[in-house]
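Below you'll find the structure, written out as structure tokens, and then a few comments.
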Amino acid sequence: MTSNPTRPPRYAVAVEIPPGYHELPLAGVATAISAADPLLSQQTTGTLRESVPKTLGTLEFMLEALAKRNAVYCGIGTHRSADGHPVVSWLTISCLDAGAPRNPRLTLADIAQHKTRDEIGWRVEGVDVGERPLLFSEGIGHYPSPDLPALRKSDDAAHTYQMEAVIPSPDGTTVAVVEVATAEVDRGPEFGPMLFGMAASLEFVASSTTPSLDL
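Quick note on the numbering used here: the sequence shown kicks off at 444 and runs consecutively.
Right under this line is the structure:
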């Protein structure tokens, strides 16, 4: 896939966001973060309050990086697992240019080859949902533990379960990427039905000059 995050894709995407998610800004990020800082500081005490600046700084960096990579939606969700355990997850949707028109299955084949070289040991599988081909991936990422006053210091890596569906447009020129991540590694697979439901209902629509998401 000749993905080019700086080149607008031919299509935008329309998809219904599942219940439980709260949208985070991908435009005007610095302004939104600045507005949140005093509110969070007023509502927290002790080490939690000390952690606010670094937490918001990390969030600002992440959201701006996602926006540069043509993310059209980012949200944080709160849910209950099958056994009633509270679970927090991140949902990100991106819309990317994939080059010249061609068979969408060839577009997915290129992406699959690229993912096998990723640092995360992805399990990658081509799946048909109805008449739509998509690429399903899941894996566990290992990241440095956050260095925050409110958290106990640890040399152990933080583990994150990540699940992803890549959906190509009918002409293979655009791909939508739906990603779900949670620190609850054992409960991560429970998001599968939600992910496939979004992949099945997602629609490609005529695009303006910038990637967008219709809810």
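Note that CB positions come from ideal geometry on N, CA and C, so glycine has one too.
Which of helix, strand or coil does DSSP assign to residue i?
i	result
Arg566	strand
Met444	Below a pLDDT of 50, predicted positions are generally treated as unreliable, and Met444, at 44, falls in that range; no measurement from the model is reported.
Glu607	strand
Gly518	strand
Ala478	helix
Ala457	strand
Ala626	coil
Is it right to say residue i is buried, meaning 16 or more other beta carbons lie within 10 angstroms of its own, or is it exposed?
i	result
Gly520	buried
Ser532	buried
Val458	buried
Tyr586	exposed
Ala470	exposed
Pro547	buried
Thr550	buried
Does the distance from the C-beta atom of residue i to that of residue j stay below 8 angstroms?
i	j	result
Phe647	Ser612	yes
Arg630	His528	yes
Val609	Val623	no
Ala455	Ser650	yes
Ala642	Val620	no
Which residues share a DSSP beta bridge with residue i?
i	result
Arg523	Pro529
Suppose the cutoff is 7 angstroms on Cβ atoms and the five residues either side in sequence are ignored; what does the same chain contact list for residue i look like?
i	result
Ile476	Leu499, Leu502 and Glu503
Gly463	Gly520, Thr521 and His522
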